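Counting in my numbering, the sequence shown runs without a single skipped number right up to 79 at its last residue. Backbone N, C-alpha and C fix where the C-beta goes; we use that ideal spot for every residue, glycine too. Keep in mind that this is a model prediction, so the values were computed, not measured. Here's the structure, in structure tokens; my notes come after.
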Amino acid sequence: QTHNKQQQQQQSKVKLLFDPVEPVMVGPIKVQGLFESRQVEVSEEFGTFMAGRVLNSRRILESLSKDAEDGGELYNFLRRQLPYPVPEFILSAAVRAIA
């Protein structure tokens, strides 16, 4: 129950960042998502954060190399790109080395 409440609070905080996209008047107060209302000011910092902590090459490779033995995306990509005579055990070893 405590975990659900914390999860709901986190979801509410994220929602406040982006919703509403367009300004809405609530009585005399203009309400707009925090990110949207300050987008020009924070977009470069947000992009740096996303590139460094969310979409960095290590995380992408980890995601692609999951389940290498079960036909993970990276393994399948390498199988399509490399000449077919390359043995499967070499491809699997390459995927494991990257991960």
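Should residue i be labelled buried (16 or more other beta-carbon atoms within 10 Å of its own) or exposed?
i: Leu58; result: buried
i: Tyr64; result: exposed
i: Leu14; result: exposed
Taking the C-alpha atoms as reference points, what is the distance between residue i and residue j?
i: Gln8; j: Glu2; result: In the sequence on display, residue 8 carries Pro and not Gln. So the two alpha carbons sit approximately 16 Å from each other.
i: Arg76; j: Glu42; result: 10 Å
i: Val34; j: Val6; result: 35 Å
i: Thr(-18); j: Ser(-8); result: 15 Å
i: Arg38; j: Asn56; result: 18 Å
i: Ile40; j: Gln61; result: 18 Å
i: Phe26; j: Gly32; result: 10 Å
Just grab the DSSP bridge partners of residue i for me.
i: Ile9; result: Val6
Just checking my contact of residue i with residue j at CB under 8 Å: how many whole Å lie between their CB atoms?
i: Val11; j: Val4; result: 5 Å
i: Glu24; j: Phe(-2); result: The pair is not a contact, with the Cβ atoms about 18 Å apart (cut-off 8 Å).
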